[in-house]
Ligand code: 4AD
Ligand code: MG
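Numbering (my numbering), first residue to last: 18 to 480.
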């Protein structure tokens, strides 16, 4: 009987003596005396399976000796212990069938290492490389871990809307959603009349599922949403995407301190989970991409995160004597260079910065007693900068509606949000974790475009 197995299973179980069938893509072919060695990968793990093809096979000269990187094959044969170094087992093929050829003259991926920039230009083929293949597996495993973490703790997943009519962050960085003909817009008094658009009002892609998650936190206590979010900010950096995935838990009966605790536990859980479940892939990144990877993980796992207030952070930055590109003083927002100075040079650990000035934070954050700061928290990671942004939410009706007016929101458009404060309001808090920034941290990769399958950035939206 022939058993069909994924290569990961073959290498894990090593069922020596069994007849197996495997299917995958050729990574390399080497020829020896009267036989060829093929390394075949099916994406299930980093290491490929070595296949020995003997010249006795009927298609040896016609086909097997013409196989090259990228060809798709099926191999039948028996698994044996490998006499040579480099692998424990190998498949002695009785039959090799070629599904599809990949002309070596034109196939862009060759055995040598390609730059990540080059690989971005062939995003439809890059998942076949070792590094992007490893990113893909880590991303999938961590996505599952996000659900495991929250479900194990009794949180309910809420599918918050992708198309919304609110602007959670109030930064106006939204992509419009319309069914109007942009070349023939209906107008009234010189303005577009959205009453005639699909939803009868302006709509946009969500920048965050938080406001809608709050609705369900106030009925189900602990909830989370994990979905794509969209920002039309013109930040062409290695840390920003126009479409990224965010994990947003929201917890009723929770204050800022409780919020930080969940976020810290969550970050530790993800790092530990990746180490336990993706070790082979992480080893690849530690070897070729970021030699500091394991010490960065230790910094997350082995101690409590540092906690400082925004005001303390400003003091540290002012004392530093550094010549920052963006000058810093109380009231200005921390830029990536400031965040990285704090976490990489001052503390060399994850840092939680709390209590930012209300003037630089959105309307929903709870105003502190000093009336100058809000109960906000950002978590900064070495090598990344901001990974988490969160806060305790303003649960007091009057303070919230005043903050809305102050920040230029029309309270009439957020009646439902204010209602949550009129009926059964409770202290509650939550945060958002940028999923791609987490994958950057786990892989040590440098550019956020290389940890999402289909990056969307200013000027670029392929596929
Ligand atoms: O700090 P942000 O903007 O927070 C919110 O959206 C809150 N509504 C979250 C909440 O409390 N429920 O974004 C949260 C995180 C950031 O810390 C960062 O990791 C990531 O989302 N992020 C981005 N990641 C990639 N590309 C971008 N353009 C990002 N903007 C934010
Ligand atoms: Mg933020």
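Glycine is no exception: its CB is placed at the ideal position from the N, C-alpha and C atoms.
Exercise. So, is residue 320 buried or exposed, given that buried needs 16 or more other C-beta atoms within 10 angstroms?
Worked result: Result: exposed.
Exercise. Any heavy atom of the ligand 4AD closer than 7 Å to the Cβ of residue 257?
Worked result: Between the ligand 4AD and residue 257, a heavy atom-to-CB distance of less than 7 Å is present.
Exercise. So which residues touch the region around the ligand MG, with touch meaning a C-beta under 7 Å from any heavy atom?
Worked result: Per the Cβ criterion, the list is 395, 403 and 406.
Problem set entry | Own chain, CB closer than 7 Å to residue 363, minus 5 neighbours either side, in chain order | Only 333 meet the Cβ criterion.
Problem set entry | Check: residue 227 C-beta below 7 Å from any heavy atom of the ligand 4AD | At least one heavy atom of the ligand 4AD falls within 7 Å of the beta-carbon of residue 227.
Exercise. Do you know how far the Cα of residue 159 is from the Cα of residue 78?
Worked result: Answer to the nearest angstrom: the Cα atoms are 44 Å apart.
Exercise. If you drop the 5 nearest sequence neighbours on each side, which residues of the same chain put their C-beta closer than 8 Å to that of residue 251?
Worked result: Counting only Cβ-Cβ distances below 8 Å, and skipping sequence neighbours, we find 475.
Exercise. Could you give the residue range of the alpha helix (DSSP H) that holds residue 373?
Worked result: Note, residue 373: premise wrong, no alpha helix (DSSP H); beta strand (DSSP E) at 368-374.
Problem set entry | Sub-8 Å separation of residue 325 and residue 370 beta-carbons | Between residue 325 and residue 370, the gap from beta carbon to beta carbon is short of 8 Å.
Exercise. Curious, which full-length alpha helix (DSSP H) runs of at least 4 residues does the segment 386-450 contain?
Worked result: Annotation: the segment 386-450 contains the following complete segments of the alpha helix (DSSP H) (minimum length 4 residues), in chain order: 414-423 and 432-439.
For this session: Give the secondary structure of residue 352 by DSSP, where H, G and I count as helix, E and B as strand, and everything else as coil.
Result: When secondary structure is reduced to three states using DSSP, residue 352 falls in the coil class, being assigned neither helix nor strand.
For this session: Within the segment 227-299, note down every full alpha helix (DSSP H) run reaching 4 residues or more, in order along the chain.
Result: Here the runs fully enclosed are 227-237 and 273-294.
For this session: Inspect the beta-carbon positions of residue 37 and residue 68 and report whether they are closer than 8 Å.
Result: No, these two residues do not count as a Cβ contact at 8 Å.
Exercise. Where does residue 320 sit, in a helix, a strand or coil, going by DSSP?
Worked result: Looking at residue 320 - three-state DSSP - the assignment turns out to be coil, as it is neither helix nor strand.
Problem set entry | Start-to-end residues for the alpha helix (DSSP H) that takes in residue 140 | Bounds of any alpha helix (DSSP H) do not take in residue 140, whose DSSP letter is neither H nor E.
Exercise. On the three-pair Cβ rule with 8 Å, is the segment 192-207 touching the segment 140-148?
Worked result: No, because fewer than three Cβ pairs between the segment 192-207 and the segment 140-148 fall closer than 8 Å, the two stretches do not touch.
For this session: State the DSSP-derived secondary structure class of residue 174, mapped to helix, strand or coil.
Result: It is a strand residue.
For this session: Name the two residues that bound the continuous beta strand (DSSP E) containing residue 36.
Result: Run containing residue 36: 36-49, per the beta strand (DSSP E) assignment.
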